[in-house]
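Colleague: Have a look at the structure that comes next, please.
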Ligand code: NAD
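Numbering (our numbering), first residue to last: 144 to 521.
If you want it as structure tokens, here you go:
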């Protein structure tokens, strides 16, 4: 292959070819100034359900470094509606069968998989094989084995991988992480995180079908609570034990309804989570030697709200979290900034999810965890 010199490289960039080259995962634009990058990365959404329709597509109209460029859907009637609404050319519209042809489409740089959980691995791996950067919705997959397969496929294809943990890009969560790092109230003693909502809609929905969801409240809202205790302390837990509660067995025939779990950390700090599809709560509380911090709500689409002991309000202007998330991942691709939500973070959470299910199965037994700093991004 002919080596590329600095002049040729700059010329290619000014011709708008940066994104095409980046598809192969080449860190061509690393270290470049923000304003020198002209091209917005093209994003294809796979699965046009509630989250894509009401959060991701509108957010991608506000992003600076990427834009909605393609769709992948199993519903032919959605093709026309979306194409017209978002001005998507015909050649950027795919279904689940012809999706792999996306390999030949230079307008698509990032594939964002927003399907039921059991379909994540298949589409993420197909996207990586097509040479596209990948964002996988949470939970990353339905098993640690599947997470490994996604990570390996992205490494092999030399493409970037992220998970749809939008909160890492928003300022309230970043403030919690700053408190965990700088410890203005001294050593953290206890973290409590609750992530739950009351579900009463369609009993046929995929979230209540283990084959499609991989599990119930824990796989859905539970991953937010797990995330919260980790960024609330700045550490991975060293053990977990868990309990399951069922009050509406006729509705939750196949998936977990309510789960509580307790974590130990190497500093002696303790964490407690509650996740449920039978209660409305959305809160993170971190207490330390000399004070506390609370977000309530802590993980919805915002605006979030926070306070600390001593009556101090935590307040930031509200922006769409998904807009911030998509621009962060695009900057990682375009400029080589840190990937603040790498695939390893999604895999780590799935290790914890599997340990929680194991503990419940074994009557609440304490399960040791050997995670080191896996998935911790400072
Ligand atoms: P949804 O039910 O609204 O949409 C699912 C989409 O998948 C639909 O377009 C549906 O047609 C398609 N689909 C394809 N095969 C299907 C099948 N066999 N059964 C059911 N649907 C099928 O779900 P959603 O709320 O958009 O969630 C999609 C993914 O996004 C999930 O992984 C979920 O956990 C995640 N999510 C993340 C957030 C977040 O805040 N990060 C919020 C909501 C959902």
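Using N, Cα and C, we set each Cβ at its ideal position, and we do this for glycine too.
All of these numbers come straight from a predicted model, not from anything done at the bench.
(1) Looking at the ligand NAD, does it come within less than 8 Å of residue 263, judged from the CB to the closest heavy atom?
(2) Would you kindly report the start and end of the unbroken alpha helix (DSSP H) that includes residue 470?
(3) Got a sec: does the ligand NAD put a non-hydrogen atom nearer than 8 Å to the Cβ of residue 280?
(4) The beta strand (DSSP E) spanning residue 269 covers which residue range?
(5) Roughly how many whole angstroms lie between the Cα atoms of residue 289 and residue 264?
(6) Please state if the CB of residue 315 and the CB of residue 281 are separated by a distance shorter than 9 Å.
(7) Using C-beta distances below 7 Å, list every residue in its chain close to residue 275, excluding the 5 sequence neighbours before and after it, in chain order.
(8) Flag this pair as yes or no: are the beta carbons of residue 399 and residue 387 separated by less than 9 Å?
(9) Give the secondary structure of residue 426 by DSSP, where H, G and I count as helix, E and B as strand, and everything else as coil.
(10) Kindly identify the DSSP beta-bridge partner or partners of residue 332.
(11) Anyone know if the C-beta pair for residue 466 and residue 202 falls short of 9 Å?
(12) How long is the line joining the alpha carbons of residue 519 and residue 371, rounded to whole angstroms?
(13) Tell me the DSSP bridge mates of residue 455?
(14) Give me whichever residues DSSP pairs with residue 388 in a beta bridge.
(15) Whose CA, out of 498, 214 and 193, lies closest to the CA of residue 361?
(16) Which residues bound the beta strand (DSSP E) around residue 210?
(17) Between 242, 374 and 365, which lies nearest to residue 268 when the distance is taken from Cα to Cα?
(18) Assign residue 522 to buried or exposed, taking buried as 16 or more other Cβ atoms, counted over all protein chains shown, within 10 Å of its Cβ.
(19) Excluding the 5 residues preceding and the 5 following residue 517 in the sequence, name in chain order all residues of the same chain whose CB lies nearer than 7 Å to its CB.
(20) Give the DSSP-derived three-state secondary structure of residue 514 in the structure shown.
(21) Would you say the beta carbon of residue 257 comes nearer than 8 Å to a heavy atom of the ligand NAD?
(22) Taking Cβ positions, are residue 451 and residue 437 nearer each other than 9 Å?
(23) Apart from the five residues just before and just after residue 324, which ones in its own chain have a Cβ nearer than 6 Å to its Cβ?
(24) Check whether the Cβ of residue 440 lies closer than 9 Å to any Cβ atom in chain B.
(25) Name the residue from 297, 383, 442 and 236 whose alpha carbon lies nearest to the alpha carbon of residue 423.
(26) The ligand NAD heavy atoms versus the CB of residue 240: any closer than 8 Å?
(27) Between residue 195 and residue 257, is the Cβ-Cβ spacing less than 9 Å?
(28) Taking only heavy atoms of the ligand GTP into account, decide whether any of them is closer than 8 Å to the Cβ of residue 321.
(29) Please classify residue 408 as buried or exposed, where buried requires at least 16 other C-beta atoms within 10 Å of its C-beta.
(30) Look at the alpha carbon of residue 513 and the alpha carbon of residue 456, and state the distance between them as a whole number of angstroms.
(31) Is it true that the CB of residue 189 sits closer than 9 Å to the CB of residue 306?
(32) So for residue 338, helix, strand or coil by DSSP?
(33) Buried or exposed: which applies to residue 395, given that a residue is buried once 16 or more other Cβ atoms fall within 10 Å of its Cβ?
Modeller: Once the coordinates are examined:
(1) yes
(2) 464-478
(3) yes
(4) Looking at the DSSP string, residue 269 is not in any beta strand (DSSP E); the run it does join, the alpha helix (DSSP H), is 263-272.
(5) 6 Å
(6) no
(7) 166, 245, 251, 252, 253, 254 and 302
(8) yes
(9) strand
(10) In DSSP, residue 332 forms no bridge with anything.
(11) yes
(12) 12 Å
(13) 451
(14) 401
(15) 498
(16) 209-215
(17) 242
(18) Here the chain has residues from 144 to 521 only, and residue 522 is not among them.
(19) 379, 487 and 491
(20) coil
(21) yes
(22) yes
(23) 377
(24) Note that chain B does not occur in the displayed structure, where there is just one protein chain.
(25) 442
(26) no
(27) yes
(28) In the structure shown, the ligand GTP is absent; the only ligands present are the ligand NAD.
(29) buried
(30) 36 Å
(31) no
(32) strand
(33) buried
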